[in-house]
Each structure stands twice: as structure tokens, then as C-alpha cells.
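Enquirer: Could you have a look at this structure, given as C-alpha cells, before my questions?
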Amino acid sequence: MISILKKQRQEIISFKAEVEGERVQVGEAKPFKNIHVVFYLEGNIKEDKALKAAQLSFEKYCSVAKTVEPTATIHYKVVLNGVQLAKI
0 MISILKKQRQ
10 EIISFKAEVE
20 GERVQVGEAK
30 PFKNIHVVFY
40 LEGNIKEDKA
50 LKAAQLSFEK
60 YCSVAKTVEP
70 TATIHYKVVL
80 NGVQLAKI
């Protein structure tokens, strides 16, 4: 996400991601069923660019998201300068 925003010439002061997952028992394994991600961004960043960067991260660039995609649903939201922009 940071790389995408830097390419869009957005000024990032801070970035933090929080991740929580819900697992289910399948035989001896416990694969993830749902994953919730919250991105916290601060800086001179346009709202639409922050949302697009998050979307591209999960849909195109994140190898972890692609790996768990067959078994887990990833939900995310973006908080920009203390304001929640989206919950997906």
C-alpha cells in the first residue's frame, strides 16, 4: 500500500495495519475463514487514492491475500487522519 501511494505522490507521515483473523476447524487444520484488516494512514493523502491503494493491494499485489483467497474472505477498512473512509 505504501509503495502504491508513493507512486501516486502522496505524502505519508505514518502507516499502521491491524489484522485479526477468524479460524475454523477442518479436520486437524484450522484455516482462516475471515480476515479483518484496518489500515491507519496519516498525511497529505487524497481519500480516493488511499481507497484505491487498499483495493489494489488485496486484489492485485498481495501474495498473502491471493494465497488465502480460496478459503478466507478478507474485509478491510481505511482510516485516514482519524476518519474512517471505507469498510469493505
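Each step along the sequence shown adds one to the number in numbering that gives the first Met the number 0, with nothing skipped, and position 44 is 43.
Every residue gets a Cβ at the ideal spot worked out from N, C-alpha and C, and that includes glycine.
1) Helix, strand or coil: which one does DSSP assign to Glu68?
2) Per the DSSP calculation, Asn33 is bridged to which residue(s)?
3) Is Gln7 helix, strand or coil when you go by DSSP?
4) Assuming contact is defined by CB atoms lying nearer than 8 Å, are Tyr75 and Ala53 in contact in what I supplied?
5) Beta carbon of Ile34, beta carbon of Val82: below 8 Å?
Expert: Based on what the coordinates show:
1) coil
2) Glu21 and Thr72
3) coil
4) yes
5) no
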